[in-house]
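Visitor: Dropping the structure in here first, questions after.
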């Protein structure tokens, strides 16, 4: 007898088609049968060792978070309710060009310091891997939800070239090609870049194109955080479209926003650019989170020249009064490339987390508010915080526009990505609330998307981008990564004031046919594993 039958569910199967009522039978980690309208037809009902009454609940494929920063959190925190409770059954890691594989002993320490604001120092995680394959093997020991991995181009550049602003030599370019090929062979699904972060931002288009050719040869995709989301955003999007067309590589645009005052109301221009490329045959998808503020590290705002050479050199420049004044001028007057070419507005920069608990007084305040409280200039406060906390502070950037968010989420190639940073005392609520916020706020309350459309955006579309042949739909033979939610009550519990509050209306989540959320509570099941690139 099979393990489980989910009885009388309203199935929204991920295809975008109409829902239907059915009994769904799960066994051996897969969906083995779907009996539609079983109760109404009076036919023989399927039986199993366990029956779950799903009356009033929607059964959907598990949600796929196309942009996650849980690279260490999955190992540090086996509970991982931040994602499991949202109905997320698969996360894509290795984002924004910086993560923990491939590394050697030198670059591991450098990367740990560079992205401490995203993942913590990492000192509490036994990093017993160096290659992409070894990292995926570590995930295979058991994690809360499944995870796929993008090769981080910035980490690859740090390993082959260093953190300097210069072109790679032919030998260094060959080394980078080799590292990308090895990562793809070991199971990565593609490559990411952070082109406003060092050292990835130092790569010219010709270098990126060569690496994308390697990715494409293995059936992967390129996921750039491109060179600007502010001034020059449209040009930056067009650059990525042209680059990947030249390389013959599929393109997935990370957190595809149009932010800062210069881009208010300009989402239709972005979508027209993408539609033109799609109609000409380009292979493009994108992800967004359903919020207006962004989130990054405070150090990321600095101009690229100030970040050259890595974390220790940044700290030395910040400690030098003359150099610090140059940095201020670029930030406040010119508009640094780290701040997307827009002069920084300190009233929009909210400190969301610090590495040193002694600096907790800054959290939840904008840099301008902290400066006024101390009777100092904002740059003096930001500089002191970066030095005292050794580049660890994370920030919220209140620079988005609601009309842009809604326009982009309606697009035919849109998927969902939380961009969730789990560090800090007040992380962005998207880390805990992205997927239920789509379903509650934008589907039920605003009607921006229908329920069937939204589920497709969060399931089958990302599965297709990841080339996963047995995920993303409720189909016989597919993996039993499933979520059951109440469409009348599902909603994000997280807010900017209380960002770690879990969602409501999601009582059951299954990974590999096993309950990781049951009756609204996290079980002790660790059914997640690494999801490796499917062969071509």
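In my numbering, the protein residues as written are 37 to 572. Quick reminder that beta carbons are idealized off the backbone N, C-alpha and C, glycines included. The model shown is predicted, which means the values in this text are computed figures rather than measured ones.
Are residue 496 and residue 97 close, meaning C-beta to C-beta below 9 Å?
Guide: Walking along the chain shown from the start, residue 496 turns up at place 460. Walking along the chain shown from the start, residue 97 turns up at place 61. It is a contact, given that the beta carbons lie within the stated cut-off.
Visitor: What three-state label does DSSP hand residue 398 in the structure shown?
Guide: As a position in the chain shown, residue 398 is number 362, starting the count at 1. Helix.
Visitor: If you draw a straight line from the alpha carbon of residue 528 to that of residue 321, how long is it in whole angstroms?
Guide: Against the chain shown, residue 528 aligns to sequence position 492. Against the chain shown, residue 321 aligns to sequence position 285. Their backbone Cα atoms lie some 25 Å apart in a straight line.
Visitor: DSSP on residue 101, reduced to helix/strand/coil?
Guide: Position 65 of the chain shown, counting from 1, holds the residue named residue 101. Shown here, residue 101 sits in a strand according to DSSP, grouped into three states.
Visitor: Residues in its own chain within less than 6 Å of residue 257 by CB, not counting five upstream and five downstream?
Guide: On the chain shown, position 221 is the one that residue 257 refers to. 226, 286, 288.
Visitor: The alpha helix (DSSP H) that contains residue 471, what's its start and end?
Guide: Numbered from its first residue, the chain shown carries residue 471 at position 435. 466-473 is the extent of the alpha helix (DSSP H) around residue 471.
Visitor: Give the secondary structure of residue 40 by DSSP, where H, G and I count as helix, E and B as strand, and everything else as coil.
Guide: Your numbering for residue 40 matches position 4 in the chain shown. Reduced to three states, the DSSP call for residue 40 is strand.
Visitor: Taking the Cβ atom as the reference point for each residue, do residue 455 and residue 116 lie within a distance shorter than 9 Å?
Guide: Counted from its first residue, the chain shown places residue 455 at position 419. Counted from its first residue, the chain shown places residue 116 at position 80. No, they are not a contact pair.
Visitor: Thinking just about the alpha-carbon of each residue, which of 186, 340, 262, 209 is nearest to the one in residue 195?
Guide: Locating residue 195 in the chain shown gives position 159, counting from the first residue. Ranking 186, 340, 262, 209 by Cα distance to residue 195 puts 209 first.
Visitor: Alpha carbon to alpha carbon, how far is residue 557 from residue 121?
Guide: The sequence position of residue 557 within the chain shown is 521, counting from 1. The sequence position of residue 121 within the chain shown is 85, counting from 1. Approximately 8 Å between the Cα atoms of the pair.
Visitor: Rounded to whole angstroms, how far is the Cβ of residue 101 from the Cβ of residue 452, which I believe are closer than 8 Å?
Guide: In the chain shown, counting from the first residue as 1, residue 101 sits at position 65. In the chain shown, counting from the first residue as 1, residue 452 sits at position 416. The Cβ separation is near 7 Å, so the contact holds.
Visitor: Less than 9 Å between the C-beta atoms of residue 243 and residue 267, yes or no?
Guide: Counting from 1 along the chain shown, the entry for residue 243 is found at position 207. Counting from 1 along the chain shown, the entry for residue 267 is found at position 231. No; because the gap between Cβ atoms is not below 9 Å, this pair is not in contact.
Visitor: If you follow the alpha helix (DSSP H) that residue 285 is in, where does it begin and where does it stop?
Guide: Counting from one through the chain shown, the residue named residue 285 turns up at place 249. Note, residue 285: premise wrong, no alpha helix (DSSP H); not H, not E.
Visitor: Please report the residue range of the alpha helix (DSSP H) in which residue 250 lies.
Guide: Here residue 250 corresponds to residue number 214 of the chain shown, with the count starting at 1. Run containing residue 250: 241-253, per the alpha helix (DSSP H) assignment.
Visitor: Could you check how far apart the C-beta atoms of residue 428 and residue 150 are, in whole angstroms? I think they sit under 8 Å.
Guide: By 1-based counting over the chain shown, the position of residue 428 is 392. By 1-based counting over the chain shown, the position of residue 150 is 114. Actually they do not touch by this definition, with Cβ atoms about 10 Å apart.
Visitor: Return the chain-ordered list of same chain residues with a C-beta closer than 6 Å to the C-beta of residue 87, the five sequence neighbours on each side being excluded.
Guide: Translated into positions along the chain shown, residue 87 becomes position 51. 41, 43, listed in sequence order.
Visitor: Could you tell me the alpha carbon to alpha carbon distance between residue 183 and residue 192, rounded to whole angstroms?
Guide: Translated into positions along the chain shown, residue 183 becomes position 147. Translated into positions along the chain shown, residue 192 becomes position 156. The straight-line gap from Cα to Cα measures roughly 20 Å.
Visitor: Got a sec? Which residues, its chain only, sit under 7 Å from residue 532 by beta carbon, not counting five neighbours each side?
Guide: Walking along the chain shown from the start, residue 532 turns up at place 496. For residue 532, where only same-chain residues beyond five positions count, the Cβ hits under 7 Å are 465.
Visitor: Could you name the residues that DSSP lists as bridge partners for residue 237?
Guide: Taking the chain shown and counting its residues from 1, the one referred to as residue 237 is at position 201. Paired residues: none, contrary to the question.
Visitor: DSSP three-state label for residue 328, please.
Guide: As a first step, residue 328 is located in the chain shown; it is residue number 292 there, counting from the start. Looking at residue 328 - three-state DSSP - the assignment turns out to be coil, as it is neither helix nor strand.
Visitor: Reducing DSSP to helix, strand and coil, say where residue 265 ends up.
Guide: Counting from one through the chain shown, the residue named residue 265 turns up at place 229. Three-state DSSP puts residue 265 in coil, outside helix and strand.
Visitor: Let's see if you can read the secondary structure: which residues bound the alpha helix (DSSP H) around residue 188?
Guide: For the purposes of this step, residue 188 is taken as residue 152 along the chain shown, with counting starting at 1. Run containing residue 188: none in the alpha helix (DSSP H); it sits in the beta strand (DSSP E), 182-188.
Visitor: DSSP has residue 349 in a bridge; who is on the other side?
Guide: In the chain shown, the residue the question calls residue 349 occupies position 313. Residue 349 is not bridged to any residue.
Visitor: Across which residues does DSSP place residue 140 in a beta bridge pair?
Guide: As a first step, residue 140 is located in the chain shown; it is residue number 104 there, counting from the start. None; residue 140 has no bridge partner.
Visitor: On the criterion of 16 or more Cβ atoms from any shown chain inside 10 Å, does residue 146 qualify as buried, or is it exposed?
Guide: In the chain shown, the residue the question calls residue 146 occupies position 110. When all chains shown are included, residue 146 counts as buried.
Visitor: If you follow the beta strand (DSSP E) that residue 84 is part of, which residue opens it and which one closes it?
Guide: Sequence index remark: in the chain shown, residue 84 carries index 48 (1-based). 84-89 is the extent of the beta strand (DSSP E) around residue 84.
Visitor: CA-CA distance, residue 561 and residue 356?
Guide: For the purposes of this step, residue 561 is taken as the residue at position 525 of the chain shown. For the purposes of this step, residue 356 is taken as the residue at position 320 of the chain shown. Residue 356 has its alpha-carbon roughly 51 Å from the corresponding atom of residue 561.
Visitor: Taking residue 230 as the reference, which of 148, 311, 135, 301 has the closest Cα?
Guide: Taking the first residue of the chain shown as 1, we reach residue 230 at position 194. Checked all of 148, 311, 135, 301; the closest Cα to residue 230 is 135.
Visitor: Thinking residue 472 and residue 542 are a contact (beta carbons under 8 Å), I'd like their distance in whole angstroms, please.
Guide: The residue you call residue 472 lines up with position 436 of the chain shown. The residue you call residue 542 lines up with position 506 of the chain shown. That pair is a contact at about 6 Å.
Visitor: Can you round the beta-carbon distance between residue 93 and residue 521 to whole angstroms, since I take them to be within the 8 Å contact cut?
Guide: Against the chain shown, residue 93 aligns to sequence position 57. Against the chain shown, residue 521 aligns to sequence position 485. With a beta-carbon spacing of about 7 Å, residue 93 and residue 521 fall inside the 8 Å limit used to define contacts.
Visitor: Of all the beta strand (DSSP E) runs that stay within the bounds of the stretch 526-562, which reach a length of 3 or more residues?
Guide: 544-547, 550-554
Visitor: Please classify residue 80 as buried or exposed, where buried requires at least 16 other C-beta atoms within 10 Å of its C-beta.
Guide: Residue numbering aside, residue 80 sits at position 44 when the chain shown is read from its first letter. Exposed, because fewer than 16 other Cβ atoms sit within 10 Å of the Cβ of residue 80.
Visitor: Just mark residue 37 as buried or exposed, buried being the case when its beta carbon has 16 or more other beta carbons within 10 Å.
Guide: The residue you call residue 37 lines up with position 1 of the chain shown. Exposed, since its Cβ has fewer than 16 Cβ neighbours within 10 Å.
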